[in-house]
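Under numbering that gives the first Met the number 0, the first residue of the sequence shown is numbered 0, with each subsequent residue one higher.
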Amino acid sequence: MIPFLHHLIDYAGLFPPATLPLGEAIQHYARYRQSAERWMLSRFIIPAPKLAALSEVAAELFTENDPFVFSVLGRGGTSSDFLEGLQADLQAIDAFRQRHASGVRLDVFEVRLPADALALLEQTSDLLAAQQLRPFYEATISASWEQSIGETIAAIAAHNQRGGPQAGFKLRCGGTEAAAFPSPQQVAYAIAACRDADIAMKATAGLHHPLRHHNESVQVKMHGFVNVFAASLLA
């Protein structure tokens, strides 16, 4: 398990259930980077529109000898405004990099693709590759979830066969409402599809406890991170 967990777990203190203020979240992350368990810790998750604010509250933390590593969340959008939002995100990333230079490393970009615009994946990937960002694409899950997950993973696999930076798939495992939690069948389908397509997968949201359990506040069965880890290893 140790090799599997090595730098596996991103820090998402800005989001539920912690929902910390930006300054407090980055200070927590800085402290965890010095802990005995830091070998499991990976990137700080930051929405692109918050990068400028992060510069104001944490510039003194970013030193050349030990750069902070970030995964940036794109704002997404509809098929009509997705690329405009992407360009704004890339401008924010470029400004953050220029300000902090080798004190930071932004190398992953996560974004939900519009349900009707899988064709944007290639153009998006090319723009991200030019900025040395590895994309993880989230599907918009609908009633025809098998189709939406399958088509997104197939599009990622086709892109990866071209060579260059390899894209991955992002599965949302929860949220603040019961409808945001995928079924075990949906999680298993995504894991197996990524295995078959030989693409990386990351899971996000809802994985706050080790084992699957009923959550009273949301009134739903929440997935456990140990369950997802075990399923991925067994796949």
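Backbone N, C-alpha and C define an ideal beta-carbon position, used for all residues, glycine too. Keep in mind it's a predicted model, so treat the numbers as computed, not measured.
Problem - DSSP three-state assignment for Glu176, whether helix, strand or coil - result: coil
Practice task
Please list, in chain order, all residues of the same chain as Phe184 whose beta carbon is under 7 Å from its beta carbon, the five residues on each side excluded.
Solution key: The amino acid occupying residue 184 in the given sequence is Gln; Phe does not appear at that position. Result list for Gln184: empty, nothing under 7 Å.
Practice task
Within the same chain, show all residues whose beta-carbon is closer than 7 Å to that of Arg154, passing over the 5 residues directly before and after it, in chain order.
Solution key: The question names Arg, but residue 154 is Ala in the sequence shown. Within the same chain, Ala154 has close Cβ partners Leu117, Leu120.
Handout entry: Separation of Leu72 from Asp65, as counted between CA atoms
Key = 22 Å
Exercise for the section: Under 8 Å Cβ to Cβ from Met200, same chain only, skipping five residues before and after it: list those, please. Expected result: Gly167, Phe168, Lys169, Leu170, Ala189, Ile190, Cys193, Ser231
Exercise for the section: Could you tell me whether the segment 205 to 215 touches the segment 170 to 182, where touching means 3 or more Cβ pairs closer than 8 Å? Expected result: yes
Problem - Own chain residues within Cβ distance below 7 Å of Asn159, not counting five before or after - result: Taking Asn159 as the centre and dropping the five residues before and after it, the same chain places the C-beta of Gln165, Ala166, Ile198 closer than 7 Å to its C-beta, in chain order.
Exercise for the section: Please state if the CB of Phe61 and the CB of Gly12 are separated by a distance shorter than 7 Å. Expected result: no
Handout entry: Range of the contiguous alpha helix (DSSP H) that encloses Asp93
Key = 81 to 99
Practice task
Tell me whether His207 sits in a helix, a strand or coil according to DSSP, three-state version.
Solution key: coil
Problem - His27 (DSSP reduced to helix, strand or coil) - result: helix
Handout entry: Beta-carbon proximity list for Val227, same chain, < 6 Å, skipping 5 on both sides
Key = Ala202
Handout entry: Reference Glu145, options Leu132, Val107, Ala187, closest by Cα
Key = Ala187
Practice task
Using only alpha-carbon positions, find the residue among Glu59, Leu40, Ile92, Ser34 that is nearest to Arg104.
Solution key: Ile92
Problem - Rounded straight-line distance, which links the Cα of Glu23 to that of Leu210 - result: 28 Å
Practice task
Assign Ser141 to one of two classes, buried (16 or more other C-beta atoms within 10 Å of its C-beta) or exposed (fewer than that).
Solution key: The residue in question, Ser141, is exposed, as its Cβ has fewer than 16 Cβ neighbours within 10 Å.
Handout entry: Spatially closest choice to Arg96 from Ile152, Ala47, Asp9, by CA coordinates
Key = Ala47
Handout entry: Proximity to Glu109 [Cα-Cα], best of Leu132, Pro15, Ala58
Key = Leu132
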